[in-house]
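Engineer: Structure below; questions to follow.
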Amino acid sequence: MSDASSSPVSAAALPQAVLERFAREVAKYPADQAQSAVMACLAIVQQIEGYVSAQSEAAIADYLGMPHIAVREVTTFYNMYNQHPVGKFKLNVCTNLPCQLRDGATALVHLEKKLGIKMGETTPDGLFTLQQSECLGACADSPVMLVNDRTMCSFMSNEKLDQLVDGLRAAAGEER
């Protein structure tokens, strides 16, 4: 992986619309605490680009006046930030112990077979990326998963997993 500090990217290189969204987030904090908006800025970039590149991290660091490594630490700490391009649908399956005891690992294996990929990979058509996740806070509802970091799905039997994947695939086909 290349180090973004070797090729710094100025925040000025970001589109004006992105800078305006950054400014709205920074305005929520005291003037001397702009860095508090780092997570919101990362989310904005990811929403637009689909992931947060090292160049985007450097631009955010420049904009917020903080060290690049500090932004990188946030990006790598939280699994909601994609550090590489992912599929249109990111499926995060909880594999923490409580979910494993209630078929979380079985759900992950089922999805690997259905999608023809291993955990951490993206389908050749670019539709699905399959990831494991730490606790999603719904242990009693396991197996649980999160779709695109937004939609929680509970009690995901193999039948429900098949319905979800087939429905997402059909919806993607209708958009094309």
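Residue numbers (this note's numbering): 1146 to 1321.
Backbone N, C-alpha and C fix where the C-beta goes; we use that ideal spot for every residue, glycine too.
All of these numbers come straight from a predicted model, not from anything done at the bench.
Need the endpoints of the alpha helix (DSSP H) that N1303 sits in, please.
Structural biologist: Taken as a continuous stretch (DSSP letters only), the alpha helix (DSSP H) holding N1303 covers 1303–1320.
Engineer: Quick check on the burial criterion: 16 or more other C-beta atoms within 10 angstroms. Buried or exposed for G1265?
Structural biologist: G1265 comes out exposed.
Engineer: If contacts are defined as beta-carbon pairs under 8 Å, then T1220 and L1187 qualify, I think. What distance do you get, rounded to the angstrom?
Structural biologist: Yes, they are in contact, since the Cβ atoms of T1220 and L1187 sit about 6 Å apart, within 8 Å.
Engineer: Using the three-state DSSP reduction, which class does C1244 fall into: helix, strand or coil?
Structural biologist: The answer is helix: DSSP assigns C1244 an H, G or I state.
Engineer: Could you give the distance in angstroms between the alpha-carbon of R1314 and the alpha-carbon of K1263?
Structural biologist: Spanning the two alpha carbons is a distance of roughly 18 Å.
Engineer: What separation, rounded to the nearest whole angstrom, lies between the Cα atoms of V1292 and A1182?
Structural biologist: Between V1292 and A1182, the C-alpha separation is close to 24 Å.
Engineer: Tell me, please, which residues DSSP counts as bridged to V1238.
Structural biologist: Bridge partners of V1238: Q1277, M1290.
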